[in-house]
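Here the structure is laid out as structure tokens; the discussion comes afterwards.
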Amino acid sequence: DAGVIQSPRHEVTEMGQEVTLRCKPISGHDYLFWYRQTMMRGLELLIYFNNNVPIDDSGMPEDRFSAKMPNASFSTLKIQPSEPRDSAVYFCASSLLVTAHSGANVLTFGAGSRLTVL
Amino acid sequence: AQSVTQPDIHITVSEGASLELRCNYSYGATPYLFWYVQSPGQGLQLLLKYFSGDTLVQGIKGFEAEFKRSQSSFNLRKPSVHWSDAAEYFCAVGAPGGSYIPTFGRGTSLIVHP
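Taken in order, these protein sequences are the chains called A and B. Numbering of the first sequence is given in this note's numbering, commencing with residue 1 and proceeding in unit increments. Numbering of the second sequence is given in this note's numbering, commencing with residue 1001 and proceeding in unit increments.
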């Protein structure tokens, strides 16, 4: 398996522009997570999906952020309009819940998308 | 809800020296515990995990971790550090029968001197 695939790896944009980050999870995984990593706040969970359904989006910073998972093999995180404070590395991760150990969710992370908003 | 603390933001060791990274958790029962490593410019990679059984867990790249219930700790160790081990290390905790979402610590940055 190629692992979790994220694109683009790097994105530089200007304030006010729309940004779309993409993620292809590992085939067969039933959970998908979007994280944001910054020096100030560390690793923050933004939203996660189970079987393509958004379960908890309480970590999404504001209405400018939205995420979709139209099918089991694709998800997007969109920022519109983007602001300089959105500059961060955004990670997508997927997992298959280990049902023999309820609650044991071992995540596989993508390489991340580094976003710079000027 | 579970929580995890990594008390050390940075750790500096010399190549060949031993390493111990600290992780303390808060949870009412025995949790699931994980260590992930993030190399520069990369995503997080699972080093090892503890679900149950033997409290000394072996992982990849020569790392091991020991679950100590009495101390609510899950410290990561390596007997001899290599320069390639320089990375960010994250401890995470999961709740058996509860939330399926692991809680991550803030991470410890490992610096290796030649």
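Where is the CB? At the ideal position from N, CA and C, for every residue including glycine. Quick caveat: nothing in here was measured; it's all calculated off a predicted structure.
Distance, residue j Cα to residue i Cα
i	j	result
C92(A)	E18(A)	19 Å
P81(A)	Y31(A)	27 Å
F1063(B)	A1086(B)	13 Å
D56(A)	F33(A)	10 Å
A1029(B)	E11(A)	43 Å
T1103(B)	P1114(B)	33 Å
S1073(B)	R64(A)	39 Å
I1111(B)	V1004(B)	22 Å
T1055(B)	T1108(B)	22 Å
N107(A)	K1078(B)	Residue identity check: residue 107(A) is Leu in the sequence provided, not Asn. Computed Cα separation, rounded: 23 Å.
L1019(B)	V1057(B)	16 Å
T38(A)	A88(A)	5 Å
K78(A)	C1091(B)	29 Å
T1012(B)	Q1042(B)	21 Å
M40(A)	Y1025(B)	22 Å
V1037(B)	L1046(B)	6 Å
S1084(B)	R36(A)	25 Å
L1033(B)	Y48(A)	20 Å
L122(A)	E62(A)	This structure cannot settle anything about residue 122(A), because the visible part of chain A is limited to 1 through 118.
K24(A)	R1069(B)	38 Å
Simplified DSSP state of residue i, which is helix, strand or coil
i	result
I1060(B)	helix
S1070(B)	helix
P84(A)	helix
D1085(B)	helix
N1075(B)	strand
R36(A)	strand
C1023(B)	coil
L107(A)	coil
E14(A)	coil
G1094(B)	strand
R9(A)	coil
A1029(B)	coil
T1055(B)	coil
Y1100(B)	coil
Q1006(B)	coil
L1047(B)	strand
A1017(B)	coil
V1112(B)	strand
L118(A)	coil
V1037(B)	strand
A1001(B)	coil
S1080(B)	coil
V98(A)	strand
A1065(B)	strand
V89(A)	strand
Distance between beta carbons of residue j and residue i, contact taken as under 8 Å
i	j	result
L45(A)	I1009(B)	Not confirmed; about 21 Å, so no contact.
D86(A)	L115(A)	6 Å
S73(A)	V4(A)	In fact, because the Cβ distance is near 11 Å, the residues do not count as touching under 8 Å.
F1067(B)	Y1089(B)	Not a contact, Cβ separation roughly 16 Å.
L1048(B)	G1059(B)	3 Å
G1105(B)	Q1006(B)	4 Å
Chain-ordered chain E contacts of residue i [CB-CB under 9 Å]
i	result
L77(A)	Given the protein chain composition of this structure (A and B), no chain E is represented.
Distance cut-off 6 Å: residue i Cβ against heavy atoms of the ligand SAH
i	result
G1016(B)	For the ligand SAH, the structure offers nothing, since it holds no ligand at all.
Give, in chain order, every unbroken run of the beta strand (DSSP E) that is at least 3 residues long and sits entirely within the region 19-82 of chain A.
-> Fully enclosed beta strand (DSSP E) runs of no fewer than 3 residues occupy 19-24, 31-38, 42-50, 53-56, 65-71, 74-79 of the region 19-82 of chain A, in order along the chain.
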